[in-house]
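Student: Have a look at this one before I ask anything.
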């Protein structure tokens, strides 16, 4: 089965407290919270009903060779992507302002604010999405998972 790279990229963006797993054949992306993974290791875990309902699936994901752990959020170097975006902006003045924004503490906040002020939000999101898809595509290649753009 061929997996949609764009769909995988959308599903992968879950946050720091999750580890996503992909089913090798179906392309299903299943996010598991760190706390859920810990509970799944307990023989008789406490917790709300919703957690008890999904624990069998979590145990399956964590123990099956069919599910492979996807790159985590830290493997996507968003700062480097921001740098590359700065260099890709054709207006020299805007490019320089963006490069200045990503230096020092608060770089992400300043960068995103300036991207908004310069009207480059759509361009930034496209650029970031392409970089993310490139990273995930390389990972899927390394795992032998077929995908389409």
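Residue numbers (UniProt numbering): 1 to 149.
The C-beta atom is built at its ideal place from N, Cα and C for all residues, glycine as well.
Could you tell me the distance, in whole angstroms, from the CA atom of residue 148 to the CA atom of residue 28?
Tutor: C-alpha separation (whole angstroms): 14 Å.
Student: Is residue 53 close to chain C, meaning its C-beta is less than 7 Å from at least one C-beta of that chain?
Tutor: Structure shown: chain C not included; a single protein chain is present.
Student: Is it the case that the segment 80-87 contacts the segment 98-106, given that we only count it when at least three CB pairs across the two stretches are under 8 Å?
Tutor: Yes, the segment 98-106 is in contact with the segment 80-87.
Student: Span of the alpha helix (DSSP H) holding residue 18?
Tutor: That residue, residue 18, is in no alpha helix (DSSP H); its beta strand (DSSP E) goes 18-23.
Student: Compare the Cα-Cα distances from residue 134 to each of 78, 21 and 103 and report the closest residue.
Tutor: Considering only alpha carbons, the answer is 78.
Student: Please list the segments of the alpha helix (DSSP H) lying wholly inside the segment 79-129, counting only runs of 4 or more residues, in order along the chain.
Tutor: You should have 92-101 and 107-117.
Student: Three or more beta-carbon pairs under 8 Å between the segment 56-64 and the segment 21-36, yes or no?
Tutor: Touching, per the Cβ criterion.
Student: If you draw a straight line from the alpha carbon of residue 75 to that of residue 132, how long is it in whole angstroms?
Tutor: Cα to Cα, the separation comes out at about 10 Å.
Student: For the putative contact between residue 72 and residue 19, defined by C-beta atoms under 8 Å, what is the C-beta separation to the nearest angstrom?
Tutor: That pair is a contact at about 6 Å.
Student: Looking only at its chain, what residues have a beta carbon closer than 7 Å to the beta carbon of residue 2, apart from the 5 residues adjacent to it on each side?
Tutor: Cβ within range, chain order: 146, 147 and 148.
Student: With a threshold of 16 other CB atoms inside 10 Å of the CB of residue 143, please say whether the residue is buried or exposed.
Tutor: Residue 143 comes out exposed.
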